[in-house]
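Engineer: This is the structure I want to talk about, given as structure tokens.
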Amino acid sequence: MLGWTVKAFEGDTFSAVLKSDISLNGTAGEKAIQITRWVTEACDATMPRRRLPPSRQPNYWWNNEIASLRAACFRARRLCQRLRGKPGGDGREEVHKQLRGRLKEAIRRSKKNCFKQLCDHAGINPWGEAYRVVMKGLRKSPQVICQRLLKHIVTTLFPHHENRRRQIVVQLNDGIIPPVTVEELREICGSFGDNKAPGLDGIPNRTLKLSVKIRPELFANTFEACLKEGIFPAQWKKQKLVLLPKPGKPPGNPASYRPICLLDTMGKMVERVIYNRLLPIVEASNGLSKRQFGLVVDAIGMVVNLAKGALISGGCCAVVALDVKTAFNSSN
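So for the sequence shown, this note's numbering puts the first residue at 853; every next one is plus one.
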């Protein structure tokens, strides 16, 4: 799904659409589908869908004058070729030369002026048009278009394993689950940037934040249903896979790509709701190991301290490293 053109977003119109009567019914999974459809319909009513960019973009110095002179030059060349060796052909050839000279002069003048403007704008916004012009000229890594090769890359990066987990049914006590509050939803929305890439639903974070602000009770109802039923909706488990090529690596090799999976922001909100309720319980019961680190720097610091202690005491220590291929992607 391409999503929507966020530049055309109008908050007032979007708010009016969201204030229509709507109720969520059914299980948590059904509510997840309904609330996603509700926000999607509001986006369709207020923003146009994005379109695929043209395969070839015009140069930064291209303008309407050059386009008109180019078309006139082509017409003059065709007439010159038709009348070559015939009466009046010499005059047409002279006209073609004049138009071609005017076209070259217009291109030279436009390149000079536009380059000066790019230099001026680069000092103000280094990531603007000047950056795009430079990056456009750089050679990009070739994309994988062969479906068989693409399938091989994906299956290698994400190997399939037999599910050996046992299905455990736990009777949940709804009374100990804290309700989802409006303040909690606002705090969760504040942790998501407006310009972050969306998942498969294509819903921009900007519109989702406004949806939560206008109708927080619908989101709280859906998230509380997920907690009470003890499920994570399949609607929000689906991911959008993006393969980023590693620089200097040969194309077609699975190890040459870094996979990134984009999730729907609503699913991330459910994760945050679960996190807010799980972390206090785990920390209160000493459920986290002292060797559970949030940053690699902390883990490295522990290893360095152990080595220093061994040197001071005259003992010995060894570092054993285990490299598991595609460990993060193949964990089960």
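Each residue gets a CB set at the ideal place from its N, CA and C atoms; glycine is no exception.
Can you give me the start and stop residues for the beta strand (DSSP E) that Q1091 sits inside?
Structural biologist: 1091 to 1097
Engineer: Can you name the start and end residues of the beta strand (DSSP E) that C932 belongs to?
Structural biologist: Per DSSP, C932 belongs to no beta strand (DSSP E); it is in the alpha helix (DSSP H), 916 to 934.
Engineer: Under 8 Å, with one C-beta from each stretch per pair, do the region 893 to 900 and the region 869 to 878 reach the 3-pair mark?
Structural biologist: yes
Engineer: Quick check on the burial criterion: 16 or more other C-beta atoms within 10 angstroms. Buried or exposed for K988?
Structural biologist: exposed
Engineer: Using alpha carbons as the reference points, say which of E945, M899, A884 lies closest to E862.
Structural biologist: M899
Engineer: Pop quiz: L1037 and F1071 are said to be a contact at Cβ under 8 Å. What is the actual Cβ separation, rounded to whole angstroms?
Structural biologist: 6 Å
Engineer: Classify K883: buried if its beta carbon has 16 or more other beta carbons within 10 angstroms, exposed otherwise.
Structural biologist: Classification of K883: buried, given that the 10 Å Cβ count is 16 or more.
Engineer: Below 8 Å, how does it come out for the region 1113 to 1130 and the region 917 to 937: are there three or more Cβ pairs, yes or no?
Structural biologist: no
Engineer: Rounded to a whole number of angstroms, what is the C-alpha to C-alpha distance between L931 and A923?
Structural biologist: If you take the alpha carbons of L931 and A923, they lie about 13 Å apart.
Engineer: Tell me where the alpha helix (DSSP H) around L1052 begins and ends.
Structural biologist: It is not in any alpha helix (DSSP H) - L1052 carries neither H nor E in the DSSP assignment.
Engineer: For E1076 versus V1032, is the C-beta distance shorter than 8 Å?
Structural biologist: yes
Engineer: Less than 7 Å between C-beta atoms, sequence neighbours within five positions excluded: which residues of the same chain meet that for R1067?
Structural biologist: So the qualifying residues of the chain are L870.
Engineer: With the cut-off set at 8 Å, would you say I887 and T1074 are in Cβ contact?
Structural biologist: yes
Engineer: Look up Y1127 in the DSSP assignment and say whether it is helix, strand or coil.
Structural biologist: helix
Engineer: Looking only at its chain, what residues have a beta carbon closer than 7 Å to the beta carbon of C1168, apart from the 5 residues adjacent to it on each side?
Structural biologist: A1162
Engineer: Pull up the DSSP beta-bridge partners for W856, would you.
Structural biologist: Residue pairing by DSSP puts W856 in a beta bridge opposite R901.
Engineer: DSSP on A1109, reduced to helix/strand/coil?
Structural biologist: Just to set this straight, residue 1109 is Tyr in the shown sequence, not Ala. Y1109 falls in the strand class under three-state DSSP.
Engineer: Is the CB-CB distance between F1010 and T1117 below 8 Å?
Structural biologist: no
Engineer: Using three-state DSSP, classify L1115 as helix, strand or coil.
Structural biologist: strand
Engineer: Taking Cβ to Cβ, would you say P1099 is nearer than 8 Å to A880?
Structural biologist: No, the Cβ-Cβ distance between P1099 and A880 is not below 8 Å.
Engineer: Closer than 7 Å by C-beta to P1102: which residues in its own chain qualify, once you throw out the five before and the five after it? Chain order, please.
Structural biologist: So the list reads S1108, once near-sequence residues are dropped.
Engineer: How far does the alpha helix (DSSP H) with V869 in it extend, from its first residue to its last?
Structural biologist: Segment 863 to 870, the alpha helix (DSSP H) holding V869.
Engineer: List the endpoints of the continuous alpha helix (DSSP H) containing L1070.
Structural biologist: 1068 to 1081
Engineer: From what residue to what residue does the alpha helix (DSSP H) around R1000 run?
Structural biologist: First-last of the alpha helix (DSSP H) with R1000: 999 to 1009.
Engineer: According to the neighbour-count rule (16 or more other Cβ atoms, all chains shown, within 10 Å of its Cβ), is W1088 buried or exposed?
Structural biologist: buried
Engineer: According to DSSP, is W890 helix, strand or coil?
Structural biologist: helix
Engineer: Considering only the alpha carbon of each residue, which of K1061, V1034, R1143, I1112 lies closest to E1069?
Structural biologist: V1034
Engineer: Is the distance from the Cβ of V1064 to the Cβ of C1041 below 8 Å?
Structural biologist: yes
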